[in-house]
Amino acid sequence: MRIRVNDIPSVSIVRDVEKGCAPVEVVFNTPNTNIGQGRWTLGDGSEPLNGLTVSHTYTAAGTYSVVFSYWDEIGCSTQTILQNAVTVFEVPRAYFSYEPYDEVTIAHPDVQFINQSQVLGNNTYQWQIADMYSLPDVNPMVIFPKAGDYRVTLTATTKDGCVNEASAIITVKPDFNVFIPNSFTPNLDGINDVFLPVFSAFGLDPKTFDMEIFTRWGTSIYHTKDNTKGWDGSIQNKGAEPLKEEVYVYKLKYKDLEGKIYNKLGYVTLLR
3 MRIRVNDIPS VSIVRDVEKG CAPVEVVFNT PNTNIGQGRW TLGDGSEPLN GLTVSHTYTA
63 AGTYSVVFSY WDEIGCSTQT ILQNAVTVFE VPRAYFSYEP YDEVTIAHPD VQFINQSQVL
123 GNNTYQWQIA DMYSLPDVNP MVIFPKAGDY RVTLTATTKD GCVNEASAII TVKPDFNVFI
183 PNSFTPNLDG INDVFLPVFS AFGLDPKTFD MEIFTRWGTS IYHTKDNTKG WDGSIQNKGA
243 EPLKEEVYVY KLKYKDLEGK IYNKLGYVTL LR
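Here it is in structure tokens:
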């Protein structure tokens, strides 16, 4: 009677990725055999995978030891451990807030950005302020040059090269106000000689401006669509018929740059 004793099979295992930032997909295979059966224990608590070539995605940071169990075609078995463990690096969580949060206007265009990335001290940072410039600060202060929408992107990078980004749109609104005098003195002394609403530097759509002055009885005595020309206290600003001291009615209509329509009705006193 002859007894045949087979050698314990010898297999080697390799992977295509040794380390990376989570999530990391790794392909494991056995380059020196294509027959038999294999089972991979992947080290992260997941269910083992069957096959000579398998793919697995590691989603959490850590170092994972991989074990391969092998059975050849006649049932002989062996087990081997991947020479170098799979290393998965943690990806930072980029996040930020800013102040003021409720409203940013061109009159107060400075915004304080507050870096709330995790873990804050483990990363380096780069802020991209629209297409204007970038900053390496942790918590930068930014002054926006004009009204508009600005995309701000924070990039957090770990020492292992893992990257994460967070973005927000900062809307800088026109600081839109109007001052309407309640009296004026058209006596040619160079002080308060005309009645003219004064608008803030940003926000008025000048093409929509319309102002009309009436007597208390409803007679129109001045009308203009030019927001730079005030009423001088005469009929249609012709100077030939200066009007007496009295209370007059003004009617204003205009839009801001966001398309909002304003209608204002009020009184102005002409003083001599």
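Heads up, the sequence shown is in the numbering used here, so the first residue is 3 and it goes up one at a time. We put the CB at the ideal spot given by N, CA and C, even for glycine. Keep in mind the model is a prediction, meaning the values are calculated, not measured.
Checklist line | Cα-Cα separation, W219 to E247 | finding: Computed Cα separation, rounded: 15 angstroms.
Margin query: For chain C, check one thing: does any of its Cβ atoms lie closer than 8 angstroms to the Cβ of S48?
Written below: Of the protein chains in this structure there is only one, and it is not chain C.
Check: Considering H225, what are the terminal residues of the beta strand (DSSP E) in which it resides?
Finding: From DSSP, the beta strand (DSSP E) with H225 extends over 222 to 226.
Note to self: Cutting at 6 angstroms between CB atoms, please list the residues of its own chain near C164, excluding the five before and the five after it.
What the structure shows: Excluding positions up to five away in sequence, the list reads C23, F91, V93.
Notebook entry, point to check: In angstroms, rounded to a whole number, what distance separates the CA positions of T226 and E214?
Noted result: Straight-line Cα distance between these residues: approximately 7 angstroms.
Item checked: Of the listed residues D177, T217, N117, nearest to D207 (C-alpha basis) -> If we check each option's Cα against that of D207, D177 comes out closest.
Notebook entry, point to check: Which residues in the same chain as P1 place their Cβ atom closer than 7 angstroms to its Cβ, once the five residues preceding and following it in sequence are excluded?
Noted result: Nothing in the structure corresponds to residue 1, since the chain is present only between 3 and 274.
Notebook entry, point to check: So, helix, strand or coil for G123, using DSSP?
Noted result: Three-state DSSP puts G123 in a helix.
Next item on the list: Name, in chain order, the residues that DSSP records as bridge partners for E27.
Entry: In the DSSP assignment, the residues bridged to E27 are T59.
Note to self: Looking only at its chain, what residues have a beta carbon closer than 7 angstroms to the beta carbon of P138, apart from the 5 residues adjacent to it on each side?
What the structure shows: The beta carbon of P138 lies closer than 7 angstroms to those of Y127, Q128 in the same chain, with the five residues before and after it left out.
Checklist line | Per-residue DSSP class, three states only, for Q238 | finding: Here Q238 sits in helix by DSSP.
Notebook entry, point to check: Can you give the Cα-Cα distance for L254 and P199, rounded to whole angstroms?
Noted result: Within the model, the alpha-carbon separation for L254 versus P199 is close to 9 angstroms.
Checklist line | D74 versus G53 - alpha carbon distance | finding: If you take the alpha carbons of D74 and G53, they lie about 12 angstroms apart.
Margin query: Can you tell me where the beta strand (DSSP E) holding E248 begins and where it ends?
Written below: In the DSSP annotation of this structure, the continuous segment of the beta strand (DSSP E) that includes E248 starts and ends at 248 to 258.
Notebook entry, point to check: According to DSSP, is L156 helix, strand or coil?
Noted result: L156 falls in the strand class under three-state DSSP.
Item checked: Reduced DSSP category for A168 - H, G, I as helix; E, B as strand; rest coil -> Here DSSP, grouped into helix, strand and coil, assigns A168 to strand.
Next item on the list: Evaluate I131 with the Cβ neighbour count: other Cβ atoms within 10 Å of its Cβ, from every protein chain shown; 16 or more gives buried, anything less gives exposed.
Entry: By the 10 Å Cβ count, I131 comes out buried.
Check: Using 8 angstroms as the threshold, is the stretch 81 to 88 in touch with the stretch 109 to 122, meaning 3 or more CB pairs across them?
Finding: Short answer: they don't touch.
Next item on the list: For G40, count neighbouring C-beta atoms within 10 Å of its own C-beta (all shown protein chains included) and say buried if the count is 16 or more, exposed if not.
Entry: It counts as buried.
Check: Comparing alpha-carbon positions, which option in K257, V29, H58, T35 lies nearest V180?
Finding: Of K257, V29, H58, T35, the residue nearest in Cα terms is K257.
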